[in-house]
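If you count the sequence shown from 1, you need to add 6 to reach this note's numbering.
For glycine and all other residues, C-beta sits at the position ideal for the given N, C-alpha and C.
The structure under discussion appears below in the form of structure tokens.
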Amino acid sequence: MRHSLLIHTTDPELYLILRYILEEAGHGVGLASNLDGLLVTAPSFVAKGNTILLCLGSGDLLRAATLMRQHKPEFRIVGFPLDSKPVNEADLVHFDYVVQRPFDPSDLLNFLKLGAPFESGAENFKTVTFADVEIDLAAIRVRRGDVEINLSALHFRLLVHLAKHAGRVVSRDELIACCWPAGAIVEPRTVDIHVGRIRQALNTSGDNVIRTVRSIGYAAAIDDVHRVNCA
Numbered sequence: 007m008r009h010s011l012l013i014h015t016t017d018p019e020l021y022l023i024l025r026y027i028l029e030e031a032g033h034g035v036g037l038a039s040n041l042d043g044l045l046v047t048a049p050s051f052v053a054k055g056n057t058i059l060l061c062l063g064s065g066d067l068l069r070a071a072t073l074m075r076q077h078k079p080e081f082r083i084v085g086f087p088l089d090s091k092p093v094n095e096a097d098l099v100h101f102d103y104v105v106q107r108p109f110d111p112s113d114l115l116n117f118l119k120l121g122a123p124f125e126s127g128a129e130n131f132k133t134v135t136f137a138d139v140e141i142d143l144a145a146i147r148v149r150r151g152d153v154e155i156n157l158s159a160l161h162f163r164l165l166v167h168l169a170k171h172a173g174r175v176v177s178r179d180e181l182i183a184c185c186w187p188a189g190a191i192v193e194p195r196t197v198d199i200h201v202g203r204i205r206q207a208l209n210t211s212g213d214n215v216i217r218t219v220r221s222i223g224y225a226a227a228i229d230d231v232h233r234v235n236c237a
């Protein structure tokens, strides 16, 4: 699947390298040299598979990711630290993916491939519903009752996996294997943080529908679970 990527960096040489790698893989690439430009350009980049690639030092990287998550929650956020300082575990929630050093382009390309697992209509389901939560796989939207819930791409994948297996306990290892790129280094605590953010978003419109099974993982509520076949 072709993706649209908007790269925010002040390093023109790095941008040219990344543009070459991504365009060779069939993706569209744009440049935003500053945050103001990123916020202005992003709306015109709206298309399925949108990703913002932030290539900055660790401090600026976190600030930019936080800003984009607040103002453009529909975009996937990829962090590309320009220094050797790792992103703190607690801050990983602001990103859908963080590039590891040394940089292996195949890891980033695998993330982009994994980031749209529902494009082919996997398992012939268009909508997954559990409790009072409805997930539209085609539109990549989540509603709880009459309220639309804004989730990042990673959180959307996690919620879909839990919903498709509602009533069954899903281990943290299974969530990592299914929702992160192959080879990504993800700690169990990182999964807990992301599931906590999903709960926080869902619970603004109702009771908790994702229960924790201590030392194992999570389970989506089984009440009134149903799936609707694609038309």
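Item                                                                                                                                       : Value
Per DSSP, cross-strand counterpart(s) of leucine 62                                                                                        : Pro87
Beta-carbon contacts of threonine 72 that lie in its chain and below 8 angstroms, excluding the five residues immediately before and after : His100
Coil, strand or helix - valine 139 by DSSP                                                                                                 : strand
Endpoints, the alpha helix (DSSP H) within which arginine 205 is located                                                                   : 194 to 209
Whole-angstrom C-beta distance between threonine 57 and leucine 118, which should lie under 8 angstroms                                    : 7 angstroms
At least three beta-carbon pairs within less than 8 angstroms, the segment 180 to 189 to the segment 161 to 172                            : yes
The segment 80 to 91 touching the segment 101 to 113, judged by at least three CB pairs closer than 8 angstroms                            : yes
Stretch pair the segment 149 to 157 + the segment 205 to 223: three plus CB contacts closer than 8 angstroms                               : yes
Neighbour-count burial assignment, isoleucine 216, 16 or more Cβ in a 10 Å radius                                                          : buried
Own chain residues within Cβ distance below 6 angstroms of alanine 144, not counting five before or after                                  : Lys132
Simplified DSSP assignment, three categories, for alanine 70                                                                               : helix
Classification of aspartate 42 by the beta-carbon crowding that lies within 10 angstroms, buried from 16 upward                            : exposed
Other residues of its chain near alanine 70: CB distance less than 8 angstroms, five sequence neighbours each side excluded                : His14, Leu41, Leu44, Leu60, Leu62
Supposed close pair leucine 28, leucine 12 - CB separation, criterion 8 angstroms                                                          : Going by Cβ atoms, the distance from leucine 28 to leucine 12 rounds to 11 angstroms, so no, they are not a contact pair.
Assigned secondary structure, isoleucine 27 (DSSP; H/G/I helix, E/B strand, else coil)                                                     : helix
Nonlocal neighbours in the same chain, by C-beta distance under 7 angstroms from aspartate 97, ignoring five residues either side          : Leu68
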